[in-house]
Amino acid sequence: MCSSACPVTYNMTMPFCSRMCVPGCDCPPGWVVDSRNWKRCVKAKRFPPVCPPHSTFQPCVSNCLPRCGIIAPRTCISSCHRGACVCDEGFAEFWGYQGRVCVRQERCESHLRNLLILIRAGSNGAGAGLPGGAMHPGGWVI
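Here you go:
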């Protein structure tokens, strides 16, 4: 059976997971792994995972949620498999040098501009002192 390499767990930080399929069992949609007993699932609504600032756990997630620099698709699809930490109303997802964070939507342009400056500095060799970069599903991140 296919399960997540990074299960959503009660009272633990919601991980970003690149490996989505490993042998094992998963909790059903709307449920999370109990941090005290890894073989037990508990209701996510009652025992949510810990989310970053300005975000809350949602068992169903739409691909049309606001993301800085990314235009929403024409057709929105909700997925109720794993759930995710979703940016609160008025905030948008931003992938930057600190990883995934939720920023005020009106600040997206400023964050993207600053990230572009860091990327350009890094490609010129001037950014050698910047934190290491990493790939994520939407592109390169410093």
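According to this note's numbering, the sequence shown is numbered sequentially starting from 175.
Ideal placement from N, C-alpha and C gives every residue a C-beta, glycine not left out.
Rounded to a whole number of angstroms, what is the C-alpha to C-alpha distance between residue i and residue j?
{"i": "ASP200", "j": "LEU289", "result": "36 Å"}
{"i": "THR249", "j": "CYS238", "result": "8 Å"}
{"i": "TYR271", "j": "TRP205", "result": "31 Å"}
{"i": "PRO227", "j": "GLU263", "result": "12 Å"}
{"i": "PRO181", "j": "ASP208", "result": "10 Å"}
{"i": "LEU286", "j": "PRO223", "result": "28 Å"}
{"i": "GLY243", "j": "CYS215", "result": "36 Å"}
Check residue i in the structure and name its three-state DSSP category.
{"i": "GLY273", "result": "strand"}
{"i": "GLU267", "result": "strand"}
{"i": "ALA295", "result": "helix"}
{"i": "VAL315", "result": "Residue placement at VAL315 is flagged as unreliable, the pLDDT there being 39, under the threshold of 50; a coordinate-derived value is accordingly withheld."}
{"i": "ARG278", "result": "strand"}
Could you give the first and the last residue of the continuous beta strand (DSSP E) run that contains residue i?
{"i": "ASN211", "result": "211-217"}
{"i": "PHE221", "result": "Counting along the chain, PHE221 falls outside any beta strand (DSSP E), and DSSP gives it neither H nor E."}
In this structure, what does DSSP give as the bridge partners for residue i?
{"i": "VAL207", "result": "THR183 and CYS215"}
{"i": "ARG241", "result": "ILE244 and GLU267"}
{"i": "CYS128", "result": "The requested residue 128 is not part of the displayed model; the chain covers only 175 to 316."}
{"i": "SER253", "result": "VAL235"}
Does at least one heavy atom of the ligand ATP sit under 7 Å from the Cβ of residue i?
{"i": "LEU239", "result": "Because no ligand of any kind appears in the structure shown, any question about the ligand ATP cannot be addressed here."}
According to the neighbour-count rule (16 or more other Cβ atoms, all chains shown, within 10 Å of its Cβ), is residue i buried or exposed?
{"i": "CYS259", "result": "buried"}
{"i": "THR230", "result": "exposed"}
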